[in-house]
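J.: My structure is below; once you've seen it, I'll send some questions.
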Amino acid sequence: MTNKWIQAYRQTPWRVQKQWIGLFTLALVLVSSVALVYLNVTTQAGNTGSQVQLLIQDANGLNRQIETDRSTLAHLTSVEEMLKRAKDMGFVPIDPGQIEYMVIPDYQPRQTAALAPAPAPEMVQAPLIRPEYTQSLWDAIFHNLFSSSTSQAKVQP
Numbered sequence: 013m014t015n016k017w018i019q020a021y022r023q024t025p026w027r028v029q030k031q032w033i034g035l036f037t038l039a040l041v042l043v044s045s046v047a048l049v050y051l052n053v054t055t056q057a058g059n060t061g062s063q064v065q066l067l068i069q070d071a072n073g074l075n076r077q078i079e080t081d082r083s084t085l086a087h088l089t090s091v092e093e094m095l096k097r098a099k100d101m102g103f104v105p106i107d108p109g110q111i112e113y114m115v116i117p118d119y120q121p122r123q124t125a126a127l128a129p130a131p132a133p134e135m136v137q138a139p140l141i142r143p144e145y146t147q148s149l150w151d152a153i154f155h156n157l158f159s160s161s162t163s164q165a166k167v168q169p
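For the sequence shown, our numbering gives the first residue as 13, with consecutive numbering after it.
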């Protein structure tokens, strides 16, 4: 039976050629698919990179604007500028001896808020870290080795 198949392939060489053409076409489609996927990923990476650069430029511009605003605010609130603006509004410096205090009957000043009672001196503070957690790994290993060896020595006699 195998002789019939071999004879059939020998009599029709175009079948072998079709197989080679099919394999070549399949390989070509696979290679072009991989190339298209690579091209797509590369394009997306390039677009994302350019978007990141634009966002970084925007952030840098905003940081520069913030620093400019801070500089302007510092200039506007400087002592010289505040004195000049106060004089322009009609304020004049006053001598502390010229100040008159007005007594207002039934005025009660703000009370200071007591957020927590003061701790009593006799209160003993509990440690923040339990003693089990202050021991190093090596200390724990050696402690367990020596305690187990001494306990075994006591049990065996």
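Cβ coordinates follow ideal geometry from the N, Cα and C atoms, glycine included. None of these values were measured; they are calculated from a predicted model.
Consult DSSP for Thr37 and reduce its assignment to one of helix, strand or coil.
T.: The residue given as residue 37 occupies position 25 in the sequence shown. In this structure, Thr37 counts as helix in the three-state DSSP scheme.
J.: Grouping DSSP H, G and I as helix and E and B as strand, with all else coil, what is Pro108?
T.: The residue labelled residue 108 in the question sits at position 96 within the sequence shown. It is helical.
J.: Just how far apart, CA to CA, sit Gln31 and Ser62?
T.: For this step, residue 31 is matched to residue 19 along the sequence shown. For this step, residue 62 is matched to residue 50 along the sequence shown. If I take the Cα positions, the gap works out to 46 Å.
J.: Rounded C-beta distance between His87 and Glu93? I'm assuming under 8 Å.
T.: Reading the sequence shown from its first residue, position 75 is the one you call residue 87. Reading the sequence shown from its first residue, position 81 is the one you call residue 93. The pair is a contact, with the Cβ atoms about 6 Å apart (cut-off 8 Å).
J.: Once DSSP output is grouped into helix, strand and coil, what is the label at Phe158?
T.: Residue numbering aside, residue 158 sits at position 146 when the sequence shown is read from its first letter. Three-state DSSP puts Phe158 in a helix.
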